[in-house]
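Chemist: Heads up, the sequence shown is in the numbering used here, so the first residue is 191 and it goes up one at a time. Beta carbons are placed, not taken as given, at the ideal position from N, Cα and C, and that holds for glycine. Everything numeric in this text was worked out from a predicted model, so none of it was measured. Have a look at this one.
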Amino acid sequence: MKKKLIVTDIDGTLVNDQKEIMPETKHELKKLIAQGHRVVLCSGRSINGLKDYLMTLGLWAMPDEYAITFNGGNVFDLATMKSIDAHYLSADQAIEADQLAKQLRVGDTLVVASQKSYAVNSQMNAQALEDIRDSQLVPVETDNYDFLEGEDIQKCLWTDEPDRITMVAKQIPAKYFDEFQIVRSGPIFLEFLPQDSSKGNAVQRLAQRLNVDLKDVIVFGDEENDLSMFKVAGTAVAMRNARDEIKEYADQITVTDHNHDGIGKTLKLMFE
Numbered sequence: 191m192k193k194k195l196i197v198t199d200i201d202g203t204l205v206n207d208q209k210e211i212m213p214e215t216k217h218e219l220k221k222l223i224a225q226g227h228r229v230v231l232c233s234g235r236s237i238n239g240l241k242d243y244l245m246t247l248g249l250w251a252m253p254d255e256y257a258i259t260f261n262g263g264n265v266f267d268l269a270t271m272k273s274i275d276a277h278y279l280s281a282d283q284a285i286e287a288d289q290l291a292k293q294l295r296v297g298d299t300l301v302v303a304s305q306k307s308y309a310v311n312s313q314m315n316a317q318a319l320e321d322i323r324d325s326q327l328v329p330v331e332t333d334n335y336d337f338l339e340g341e342d343i344q345k346c347l348w349t350d351e352p353d354r355i356t357m358v359a360k361q362i363p364a365k366y367f368d369e370f371q372i373v374r375s376g377p378i379f380l381e382f383l384p385q386d387s388s389k390g391n392a393v394q395r396l397a398q399r400l401n402v403d404l405k406d407v408i409v410f411g412d413e414e415n416d417l418s419m420f421k422v423a424g425t426a427v428a429m430r431n432a433r434d435e436i437k438e439y440a441d442q443i444t445v446t447d448h449n450h451d452g453i454g455k456t457l458k459l460m461f462e
């Protein structure tokens, strides 16, 4: 079989509700890696938030291995831990998205490449703290935007209860969609990213770097921010636990959900 590039989202996809890679999924991925297929983790998390999973799969600090972070905003060479493809918001864009969040009364933080999450003139809500925990970011509360001069801004992250995120997303003026890549990365998260930053764009650029035809790319995902990957990959696989509107864009659905080795069981069938 021709070697494949297997790209997987993390939360709701690779890991279960306890944030663990299930045994069969780990076994199948490690087996495919040993056979020469490539596995790339692709997430809205920071690189710190991927480290434990990359170590579990034997990819951390290995030569010619890569990981996609911040929804395509940064691609890391895991041997050198240097970015090979980075995209950032300008300071003006960061302030604009932050101020809109305050106008719409939704929680928000500014996440930067140096692994910090800033809240400006506000306290971090429970949803923001969940992101900080999963991404292993350093929380910083401040009363001004002076920090923007010395930071590379990955994204403005809006956080709140799912129904509240759904409501405020409908209130975003159209001009913002021309200036930002705006995606929902989870029920409680809405992200404002650089316009050319997406998981799909990152997968395309990495596949080109690795000389892999897009028809030989398999992607797994469960949320709106995974759809850009679905559109470019040869095989797009939605998790059984994904929303129906996400499944509509997939070529196939995993045989079970993320809590029951959905990726592992599906890969086993695909590579029989």
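At the level of alpha carbons, what is the spacing between Arg-374 and Glu-414?
Modeler: When rounded, the distance between both Cα atoms is 6 angstroms.
Chemist: According to DSSP, is Phe-260 helix, strand or coil?
Modeler: In the structure shown, Phe-260 sits in a helix (DSSP, three-state: H, G or I).
Chemist: What is the rounded straight-line gap between the Cα of Asn-449 and the Cα of Glu-339?
Modeler: Distance between the alpha carbons of Asn-449 and Glu-339 is about 42 angstroms.
Chemist: Our contact map puts Lys-192 next to Asp-406 with C-beta atoms below 8 angstroms; I'd like the distance itself, whole angstroms only.
Modeler: Indeed, because the Cβ distance is near 6 angstroms, the residues count as touching under 8 angstroms.
Chemist: Can you name, in chain order, every residue of its own chain whose Cβ lies under 7 angstroms from the Cβ of Pro-253, other than the five neighbours on each side?
Modeler: Excluding residues within five positions, the ones whose Cβ falls inside 7 angstroms are Ala-269.
Chemist: May I have the straight-line CA-CA distance separating Trp-348 from Asn-315, to the nearest angstrom?
Modeler: When rounded, the distance between both Cα atoms is 10 angstroms.
Chemist: Who pairs with Glu-381 in a beta bridge, going by DSSP?
Modeler: DSSP lists Leu-347, Val-373 as partners of Glu-381.
Chemist: If we count the other Cβ atoms within 10 Å of its Cβ and call it buried at 16 or more, is Leu-459 buried or exposed?
Modeler: With fewer than 16 other Cβ atoms within 10 Å, it is exposed.
Chemist: Apart from the five residues on each side of it in sequence, which residues of its chain come closer than 8 angstroms, Cβ to Cβ, to Glu-369?
Modeler: Cβ within range, chain order: Gln-283, Glu-286, Gln-385.
Chemist: Quick check: the segment 260 to 279 against the segment 300 to 309, are there 3 or more CB pairs under 8 angstroms?
Modeler: Enough Cβ pairs lie closer than 8 angstroms, so yes.
Chemist: Between Ile-200, Glu-210, Asp-201, Leu-231, which has its C-alpha nearest Leu-396's C-alpha?
Modeler: Nearest option by C-alpha distance: Leu-231.
Chemist: Considering only DSSP beta bridges, list what Arg-228 is partnered with.
Modeler: Answer is Leu-195.
Chemist: Count the other CB atoms within 10 Å of the CB of Gln-361; is the residue buried (16 or more) or exposed (fewer)?
Modeler: The residue is exposed, with fewer than 16 neighbouring Cβ atoms inside 10 Å.
Chemist: Going straight from the alpha carbon of Glu-341 to that of Ala-257, what length do you get?
Modeler: Spanning the two alpha carbons is a distance of roughly 21 angstroms.
Chemist: Please go through the segment 256 to 338 and give each complete beta strand (DSSP E) segment of 3 or more residues, from N-terminal end onward.
Modeler: The segment 256 to 338 contains these whole beta strand (DSSP E) runs: 256 to 259, 264 to 267, 272 to 276, 297 to 302, 306 to 310, 328 to 332.
Chemist: For Arg-228, I'd like the list of residues in its chain whose CB is within less than 6 angstroms of its CB, leaving aside the five on either flank, ordered along the chain.
Modeler: Once the five neighbours on either side are set aside, the close Cβ partners of Arg-228 are Leu-195.
Chemist: By Cβ distance below 6 angstroms, which residues in the same chain neighbour Leu-417 in space, the five residues on each side in sequence not counted?
Modeler: Once the five neighbours on either side are set aside, the close Cβ partners of Leu-417 are Tyr-439.
Chemist: So Glu-214 packs on Gly-454, CB below 8 angstroms; how close in whole Å?
Modeler: Right, the Cβ-Cβ distance comes to about 4 angstroms (below 8 angstroms), so this counts as a contact.
Chemist: Ignore the nearest five residues each way along the sequence and tell me which others in His-477's own chain have a CB closer than 8 angstroms to its CB.
Modeler: The first residue shown for the chain is 191 and the last is 462, placing residue 477 beyond what the model contains.
Chemist: Helix, strand or coil for Thr-425, going by three-state DSSP, please let me know.
Modeler: Strand, per DSSP.
Chemist: For the ligand SAH, is there any heavy atom lying closer than 7 angstroms to the beta carbon of Gly-226?
Modeler: No copy of the ligand SAH occurs in the structure displayed, which carries no ligand at all.
Chemist: Straight-line CA distance for Ala-364 to Thr-246?
Modeler: Roughly 42 angstroms between the two C-alpha positions.
Chemist: Excluding the 5 residues flanking Gly-248 on each side, which residues of the same chain have their C-beta closer than 8 angstroms to its C-beta?
Modeler: Same-chain partners within the cutoff: Lys-220, Ile-223.
Chemist: Measuring CB to CB, does Glu-381 end up less than 8 angstroms from Gly-226?
Modeler: Result no, Cβ atoms of Glu-381 and Gly-226 do not sit closer than 8 angstroms.
Chemist: Alpha carbon to alpha carbon, how far is Asp-447 from Asp-434? Give it in angstroms, no decimals.
Modeler: Computed Cα separation, rounded: 13 angstroms.
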